Amino acid sequence: PPTPGTPSASVQSDGREPNPVVEMFLGAVKAGDDKTAESLLTKKALQETSARELRVAPPGSETASFTIEGVELIGEGTGAHVLSTWTEGVEGEKYTDEYLWVLRKDPAGWRIAGMITKPFEDQPPVALDFEDPDHMLAQQEAVEEEAARRYQAAAALENAPPQDGSVGRQEFGVGQNGPEGLQGMPIDPNTAAAPSNKPPLQR
Numbered sequence: 218p219p220t221p222g223t224p225s226a227s228v229q230s231d232g233r234e235p236n237p238v239v240e241m242f243l244g245a246v247k248a249g250d251d252k253t254a255e256s257l258l259t260k261k262a263l264q265e266t267s268a269r270e271l272r273v274a275p276p277g278s279e280t281a282s283f284t285i286e287g288v289e290l291i292g293e294g295t296g297a298h299v300l301s302t303w304t305e306g307v308e309g310e311k312y313t314d315e316y317l318w319v320l321r322k323d324p325a326g327w328r329i330a331g332m333i334t335k336p337f338e339d340q341p342p343v344a345l346d347f348e349d350p351d352h353m354l355a356q357q358e359a360v361e362e363e364a365a366r367r368y369q370a371a372a373a374l375e376n377a378p379p380q381d382g383s384v385g386r387q388e389f390g391v392g393q394n395g396p397e398g399l400q401g402m403p404i405d406p407n408t409a410a411a412p413s414n415k416p417p418l419q420r
């Protein structure tokens, strides 16, 4: 058996499969339990987002609900995609978005490395790599600019003055003051998948 102090002795996998990890993460997000949510990120994702003071989930919401739709192993079993839905709002104001969570096997077990969503039906899915904040923020900025452009174009067609360019919904995303911008659309894991010969979201 390994002696105390060796990596295999100091870090043990919790044995959870990808689905329960995402379920626990979304449950923690809904409850506003940031500590638990952060503990379910990969070690690198937590280090990178903490260093930049970035959040990768919206504030807790008692009215939110979610479902786990399925899992697909990728990268010869070193990664996984877990499809989920997230529903916000009350009564007639409800909306549901889909998110494809990207997980990687850390020494501690399956952990969340990023998220794939489809902000616009006529454009390809967007991958947010929590382990690469610069790329993640650039992706989100591009989405927000496109959302603002579309909002202003729609406002011009209606002959109404544009507002602040926001899409008016609080989505999963990242930002120093909370989530911003991303709208979920139905995702096809086959078109959203990271290259199968690499761990998820690793370039």
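Residue numbers (our numbering): 218 to 420.
Just so it is clear, CB atoms sit at the ideal spot from N, CA and C, and this is done for glycine as well.
Predicted model only: the values in this text are computed from it and were never measured.
The alpha-carbon separation between V239 and G277 amounts to approximately 16 Å.
Per DSSP, reduced to three states, the secondary structure at E308 is helical. Scanning its chain for C-beta atoms nearer than 7 Å, with the 5 sequence neighbours on each side dropped, one finds around F242 the residues A254, L257 and I329, in chain order. L317 sits close to L300, with the two beta carbons spaced by under 8 Å. Listed as beta-bridge partners of L317 by DSSP are L300 and I333. Taking a contact to require three or more Cβ pairs closer than 8 Å, the stretch 344-352 and the stretch 262-276 qualify as touching. The alpha-carbon of I285 is positioned some 22 Å away from that of E338. If you draw a 10 Å sphere on the C-beta of Q357, you find 16 or more other C-beta atoms in it, and that means buried. Under the three-state reduction of DSSP, S256 is assigned to helix.
Take the alpha-carbon of T295 and the one of E305: they are about 32 Å apart.
The C-beta of E308 has fewer than 16 other C-beta atoms within 10 Å across all chains shown, which makes the residue exposed. Taking 8 Å as the cut-off, the beta carbon of R233 is found closer than this to the beta carbon of G326. Counted as a single uninterrupted DSSP element, the stretch harbouring E362 is not any beta strand (DSSP E) but the alpha helix (DSSP H) occupying residues P350 to L374. When rounded, the separation of the alpha-carbon atoms in G292 and P341 is 21 Å. Boundaries for E240: no beta strand (DSSP E) harbours it, while the alpha helix (DSSP H) harbouring it runs P235 to A248, taken from the DSSP string.
For E279, there is no enclosing beta strand (DSSP E), as DSSP marks it with neither H nor E.
According to the DSSP assignment, A325 belongs to no beta strand (DSSP E), since it is labelled neither H nor E.
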